[in-house]
Amino acid sequence: MKLFFRKYGYGPPLFILHGLYGSSDNWVTIARSLSEKFTVYLPDQRNHGQSPQSDLHDYNSMSQDLLELTGELKIKKIFLAGHSMGGKVAVNFALKWP
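The opening position of the sequence shown corresponds to residue 0 in numbering that gives the first Met the number 0, with each subsequent residue numbered one higher.
Below you can see the structure in the form of structure tokens.
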């Protein structure tokens, strides 16, 4: 699934994943403050924000979405942070693709 995302700054890639019913909008202030040290990516996860809707909504599919996004951006190593649901997606992602 092609996710909508926002991008701020320069440096090592840091992806921040929002929680349930959230969106990338929730993290813009934090992204701007981190943008001097990192390239911060704020994706809207499936069924949230400006990303597509799907009947399938589980941690495996959301982790796969993130893998596709990093592949599309040609990024092989990332820093990853998540809040609530985003934290569970981050853990699932890290366990599958350390």
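Virtual Cβ for every residue (Gly too), placed ideally from N, Cα, C.
Inter-residue spacing [alpha-carbon to alpha-carbon] between residue i and residue j
| i | j | result |
| --- | --- | --- |
| N91 | A30 | 23 Å |
| L65 | T38 | 16 Å |
| P11 | S53 | 31 Å |
| I77 | Y40 | 10 Å |
| S34 | Y9 | 6 Å |
| H17 | L68 | 15 Å |
| P97 | L55 | 24 Å |
| I74 | I15 | 15 Å |
Proximity below 8 Å, CB of residue i to CB of residue j
| i | j | result |
| --- | --- | --- |
| S60 | D43 | no |
| A93 | L72 | no |
Which listed residue (the options) has its alpha carbon closest to that of residue i
| i | options | result |
| --- | --- | --- |
| L2 | P51, F14, L19, T38 | P51 |
| G81 | S62, N46, G10 | S62 |
| F98 | S32, H47, L19 | Examination of residue 98 is not possible in this model, given that the chain is present from 0 through 97 alone. |
| D57 | N25, Q49, G86, S32 | G86 |
| L19 | V88, T28, P97 | V88 |
| Q49 | N25, K36, G70, S32 | N25 |
| V27 | R45, K6, K36 | K6 |
| M0 | H17, R45, P97 | R45 |
DSSP three-state assignment for residue i, whether helix, strand or coil
| i | result |
| --- | --- |
| F4 | strand |
Any C-beta of chain C under 8 Å from that of residue i
| i | result |
| --- | --- |
| K87 | The structure shown contains no chain C, having only a single protein chain. |
Segments of 4+ residues assigned as alpha helix (DSSP H) that fall wholly inside the stretch 8-82: 27-33, 58-71
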